[in-house]
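Student:
Number of protein chains: 4
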Amino acid sequence: MQPAALRILVTGGTFDKDYDELAGRLFFRETHLQEMLRLGRCRIPVAVETLMLIDSLDMTEEQRAQILDTCRRVPERRIVVTHGTDTMEQTARVVGAAQLDKTIVLTGAMVPYTFGSSDGMFNLGSAIAFAQALPAGTYVAMNGRCFAWDDVRKNRNTGVFEERV
Amino acid sequence: MQPAALRILVTGGTFDKDYDELAGRLFFRETHLQEMLRLGRCRIPVAVETLMLIDSLDMTEEQRAQILDTCRRVPERRIVVTHGTDTMEQTARVVGAAQLDKTIVLTGAMVPYTFGSSDGMFNLGSAIAFAQALPAGTYVAMNGRCFAWDDVRKNRNTGVFEERV
Amino acid sequence: MQPAALRILVTGGTFDKDYDELAGRLFFRETHLQEMLRLGRCRIPVAVETLMLIDSLDMTEEQRAQILDTCRRVPERRIVVTHGTDTMEQTARVVGAAQLDKTIVLTGAMVPYTFGSSDGMFNLGSAIAFAQALPAGTYVAMNGRCFAWDDVRKNRNTGVFEERV
Amino acid sequence: MQPAALRILVTGGTFDKDYDELAGRLFFRETHLQEMLRLGRCRIPVAVETLMLIDSLDMTEEQRAQILDTCRRVPERRIVVTHGTDTMEQTARVVGAAQLDKTIVLTGAMVPYTFGSSDGMFNLGSAIAFAQALPAGTYVAMNGRCFAWDDVRKNRNTGVFEERV
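If you read the protein sequences in the order shown, they are chains H, D, Z and U.
For the first sequence, counting from 1, position 93 maps to 92 in numbering that gives the first Met the number 0; every step adds exactly one.
For the second sequence, counting from 1, position 102 maps to 101 in numbering that gives the first Met the number 0; every step adds exactly one.
For the third sequence, counting from 1, position 114 maps to 113 in numbering that gives the first Met the number 0; every step adds exactly one.
For the fourth sequence, counting from 1, position 2 maps to 1 in numbering that gives the first Met the number 0; every step adds exactly one.
(1) Return no unless some Cβ of chain Z is closer than 8 Å to the Cβ of leucine 123/U.
(2) Can you find the residues in the same chain that come closer than 6 Å, C-beta to C-beta, to cysteine 145/U, ignoring five residues on each side of it along the sequence?
(3) For glycine 83/Z, which option in Ala4/Z, Gly11/Z, Glu61/Z has the closest C-alpha, if you only look at C-alpha atoms?
(4) Which residues in chain Z sit within 9 Å of asparagine 142/U, going by Cβ to Cβ distance?
(5) Going residue by residue through the stretch 47-107 of chain Z, where are the continuous beta strand (DSSP E) segments of at least 3 residues, counting only ones entirely within it?
(6) Tell me whether leucine 133/Z is buried or exposed, calling it buried when 16 or more other Cβ atoms sit within 10 Å of its Cβ.
(7) So, under 8 Å CB-CB, aspartate 17/Z and threonine 113/Z are touching, yes? Tell me the CB distance rounded to an integer number of Å.
(8) For serine 116/H, go through chain D and note every residue whose CB falls closer than 7 Å to its CB, in chain order.
(9) In chain D, which residues lie with their C-beta within 7 Å of the C-beta of phenylalanine 129/H?
(10) Using a Cβ cut-off of 8 Å, pull out every chain H residue sitting near valine 159/D, in sequence order please.
(11) Looking at glycine 39/H and glutamate 20/U, is the spacing between their C-beta atoms short of 8 Å?
(12) To the nearest angstrom, report how far apart leucine 25/U and aspartate 15/H are at their CA atoms.
(13) Distance cutoff 8 Å, beta carbons only. Does tyrosine 18/U sit that close to anything in chain H?
(14) Is the beta carbon of threonine 81/H closer than 8 Å to that of glutamine 32/H?
(15) Which bits of chain Z does glycine 23/D rub up against, with CB to CB less than 7 Å?
(16) What span of residues does the alpha helix (DSSP H) with glycine 119/H cover, start to end?
(17) By the 7 Å beta-carbon criterion, what residues does the stretch 97-111 of chain D contribute toward chain H?
(18) At a Cβ threshold of 8 Å, is threonine 113/Z touching chain D?
(19) Give me the chain Z residues within the contact set of cysteine 145/U, using Cβ-Cβ distance strictly less than 8 Å, ordered along the chain.
(20) Would DSSP call glutamate 34/U helix, strand or coil?
(21) Can you list, in chain order, the residues of its chain whose CB lies under 6 Å from that of arginine 63/U, leaving out five sequence neighbours each side?
(22) Going straight from the alpha carbon of glutamate 34/U to that of glycine 143/Z, what length do you get?
(23) Indicate whether at least one CB of chain H lies closer than 8 Å to the CB of methionine 87/D.
(24) Going by C-alpha to C-alpha distance, which of Gly136/H, Asp57/H, Pro2/H, Thr13/H sits closest to valine 47/H?
(25) Kindly list the residues whose CB is nearer than 7 Å to the CB of glycine 95/U, restricted to its own chain and excluding five residues on each side of it in sequence; keep chain order.
(26) Go through its chain and collect everything with a Cβ distance to arginine 28/Z's Cβ below 6 Å, but skip five positions before and after it.
(27) Starting from asparagine 154/Z, follow the beta strand (DSSP E) in both directions and report where the run begins and ends.
(28) Is methionine 51/D close to chain H? Criterion is C-beta to C-beta, closer than 8 Å.
(29) Does any residue of chain U bring its CB to less than 8 Å from the CB of methionine 58/Z?
(30) Between the beta-carbon of glycine 115/U and the beta-carbon of glycine 115/D, is there less than 8 Å?
(31) In whole angstroms, what is the alpha-carbon distance linking isoleucine 43/U and threonine 69/H?
(32) From the DSSP output, which residues share a beta bridge with alanine 147/H?
(33) For a test of the three-state rule: what should DSSP assign to threonine 13/Z, helix, strand or coil?
Listed below in structure tokens is the structure:
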């Protein structure tokens, strides 16, 4: 069996947060990636693999190593990693420094997909496109832009991704 | 003044259809592109220009020529054209055959943006990404994929874009 | 078995219109009433019965008689009828003139439920409340208001329901 | 000037919670009541007054007294109070025990209005209807039902409102 055109590695983040109506707070139930791909009428062969469902502020170095290991291990050469925005740049540096011969695009969302006003679908569409079109390397796709893994940071005041100064 | 990073040419299509609650039917009011870019937290400099707001089944050869002329005239080298899906492949052939030294990506939606279940945000995100990442040429971005202008058609039975056989 | 607290008779109307993405037009697939009741966390025992799924401009006198007959036949004394807004007042007159000893509330929507901006959930909530709280009689619940069956009309210019002058 | 047909007193609760995309948590920005009334095409004269925007778990006895005082003071005889669900029954008892000669309906939502899957519009529609149709008294409108102020509780395990046993 040949590999899918693209693998999506799910790690959680705002992207996948749901509202727990009994507790009145946000939590992770399960990923919405399959639903989002269906809504986007996405027809490229995609393998979705959930590695973890966590807030990226809680991500450990072991978990970043696990993401890198998975990128190395899977047969696909084009990979999208969904990730919380708060530490996306850190995971990008771990994965990017390994210089794998694959195109790896990290993306996320500022607002949960389950909210009406989410940027999730837009970001997923752009990440999947960048993953197909760009040469090997590790990138961050946010705000309609694509950043190199070693030249990106989230501006905490504006919530916008930008180049490192 | 230097050109924006990207120009979006709006021609209408399902993308921009609204529901007319007095007449009980779909119609064009105005484009939703600016709202969609805001929702996607898009931060690349984008110039949005509305050429027409029509159903692509009603598009004339004069209007296709107008789209091509506009692609040629504008200063930006990266262009997204929003377009009805029914005749997107025809406009792609008109624009693509001109062999402009620009990256031009046509996209659209199967379901209006104003519907909850639209593929519009996903397609717009992917089109903007492909327009930035691909070399000069004319493409169709639908279903998470990117097709060359001379090798794409909409399958009328499934509503899915595919290569010409 | 005792009757449900409330019966909802579905006849179609804008309420239940879906977008046919292959044909690019609005159509009826199936009713969204069960989904709407679930979304509203409605916990009164409700029996949902689909009589027809039509645009109310196409409703015949035979079909209005069928609605009246069903209201008479069912065991529930509290009934909501979902209906297209264009001829809701006509059906209200047919049902109301029969002077059944039941509380019957017709309601509908100006925008399909499947659109993000629908008034459907609001109208359904108000109709279910009026059906429980009002004495026997036939009413139209639209725009947050409740009208007697013989003193209501839809203003074609504004799309708003009002008393007959 | 004669009073509006209905006054809505806003106190916050899940109803009005927004997502803070910089902090990644739920918070209160402003009430969505006017937007919800517009979406519901509500055409009864409504006066909206924001008393507070708080989580009902944080509501003090002074604030409950303020709600009661406001119900007494305003000229309208039909009042809807939007309220967090966690202590709605407590405020209902404070207001209800005062035996005002007005129809007062407390309502809320299990899921924020800004989420796609909110029960807010349904509940608001039902509360506005009950407030118009019921005799003087204090009520809780949730789950499509209407409860007397002294015979209602939120079941913490199911999130559903029910009679006190």
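Don't be surprised by glycine CBs; every beta carbon is placed ideally from N, CA and C.
Tutor: Answer, in terms of the structure:
(1) By one-based count along the fourth sequence, residue 123/U stands at place 124. With a threshold of 8 Å between beta carbons, leucine 123/U makes contact with chain Z.
(2) The sequence position of residue 145/U within the fourth sequence is 146, counting from 1. The residues are Phe129, Tyr138.
(3) Residue mapping note: residue 83/Z aligns to position 84 of the third sequence, counting from 1. The shortest Cα separation from glycine 83/Z among Ala4/Z, Gly11/Z, Glu61/Z belongs to Gly11/Z.
(4) Residue mapping note: residue 142/U aligns to position 143 of the fourth sequence, counting from 1. From the beta-carbon of asparagine 142/U, the residues of chain Z found nearer than 9 Å are Gly39, Arg40, Cys41, Arg42, Ile43.
(5) Listed in chain order, the complete beta strand (DSSP E) runs (minimum 3 residues) inside the stretch 47-107 of chain Z are 77-81, 102-106.
(6) Residue mapping note: residue 133/Z aligns to position 134 of the third sequence, counting from 1. Around the beta carbon of leucine 133/Z, a 10 Å sphere encloses 16 or more other beta carbons of the protein chains shown; the residue is thus reported as buried.
(7) Residue 17/Z sits at position 18 when you count from the first residue of the third sequence. Residue 113/Z sits at position 114 when you count from the first residue of the third sequence. The pair is a contact, with the Cβ atoms about 6 Å apart (cut-off 8 Å).
(8) On the first sequence, position 117 is the one that residue 116/H refers to. Near serine 116/H (Cβ distances below 7 Å), the residues of chain D are Leu38.
(9) The residue given as residue 129/H occupies position 130 in the first sequence. Within chain D, the residues near phenylalanine 129/H are Ala128, Ala132.
(10) The count along the second sequence starts at 1 and reaches residue 159/D at position 160. Those are Arg40, Arg42, listed as they occur along chain H.
(11) Numbered from its first residue, the fourth sequence carries residue 20/U at position 21. Numbered from its first residue, the first sequence carries residue 39/H at position 40. Against a cut-off of 8 Å, the Cβ pair of glycine 39/H and glutamate 20/U comes out as no contact.
(12) For this step, residue 25/U is matched to residue 26 along the fourth sequence. For this step, residue 15/H is matched to residue 16 along the first sequence. Leucine 25/U and aspartate 15/H have their C-alpha atoms some 15 Å from each other.
(13) Locating residue 18/U in the fourth sequence gives position 19, where the first residue counts as 1. Under the 8 Å criterion on CB atoms, tyrosine 18/U is classed as interfacial with respect to chain H.
(14) Position 33 of the first sequence, counting from 1, holds the residue named residue 32/H. Position 82 of the first sequence, counting from 1, holds the residue named residue 81/H. Note that residue 32/H is leucine in the sequence shown here, rather than glutamine. The answer is yes: Cβ separation under 8 Å.
(15) Position 24 of the second sequence, counted from the first residue, corresponds to residue 23/D. In chain order: Thr13.
(16) Position 120 of the first sequence, counting from 1, holds the residue named residue 119/H. First-last of the alpha helix (DSSP H) with glycine 119/H: 119-132.
(17) Hits within the stretch, in order: Met109.
(18) The sequence position of residue 113/Z within the third sequence is 114, counting from 1. Answer yes: the Cβ-Cβ gap between threonine 113/Z and chain D drops below 8 Å somewhere.
(19) Numbered from its first residue, the fourth sequence carries residue 145/U at position 146. Chain-order list of chain Z residues neighbouring cysteine 145/U: Ala128, Gln131, Ala132, by C-beta distance under 8 Å.
(20) Position 35 of the fourth sequence, counted from the start, is the residue given in the question as residue 34/U. In this structure, glutamate 34/U counts as helix in the three-state DSSP scheme.
(21) Working through the fourth sequence from its first residue, we reach residue 63/U at position 64. Closer than 6 Å at the Cβ level, and outside the excluded window around arginine 63/U, lie Thr90, Val93.
(22) Residue mapping note: residue 34/U aligns to position 35 of the fourth sequence, counting from 1. Residue mapping note: residue 143/Z aligns to position 144 of the third sequence, counting from 1. Their Cα atoms are separated by approximately 14 Å.
(23) On the second sequence, residue 87/D is found 88 positions in, with the first residue counted as 1. No, methionine 87/D lies away from the interface with chain H (no Cβ there is under 8 Å from its Cβ).
(24) As a working mapping, residue 47/H is identified with position 48 in the first sequence. Of Gly136/H, Asp57/H, Pro2/H, Thr13/H, the residue nearest in Cα terms is Pro2/H.
(25) Locating residue 95/U in the fourth sequence gives position 96, where the first residue counts as 1. Cβ neighbours of glycine 95/U beyond the five flanking positions: Thr137, Trp148, Asp149.
(26) Locating residue 28/Z in the third sequence gives position 29, counting from the first residue. For arginine 28/Z, same chain residues with a beta-carbon under 6 Å away, outside a window of 5 residues either side, are Asp17 in chain order.
(27) One-based indexing of the third sequence puts residue 154/Z at position 155. Asparagine 154/Z -> beta strand (DSSP E) spans 152-154.
(28) On the second sequence, residue 51/D is found 52 positions in, with the first residue counted as 1. Not an interface residue.
(29) Numbered from its first residue, the third sequence carries residue 58/Z at position 59. Judged by the 8 Å Cβ criterion, methionine 58/Z is not in contact with chain U.
(30) In the fourth sequence, counting from the first residue as 1, residue 115/U sits at position 116. In the second sequence, counting from the first residue as 1, residue 115/D sits at position 116. In this structure, the beta-carbon distance from glycine 115/U to glycine 115/D falls below 8 Å.
(31) In the fourth sequence, counting from the first residue as 1, residue 43/U sits at position 44. In the first sequence, counting from the first residue as 1, residue 69/H sits at position 70. Their backbone Cα atoms lie some 59 Å apart in a straight line.
(32) Indexing the first sequence from 1 puts residue 147/H at position 148. In the DSSP output, where bridge partners are listed per residue, alanine 147/H has Tyr138/H.
(33) Residue mapping note: residue 13/Z aligns to position 14 of the third sequence, counting from 1. It is helical.
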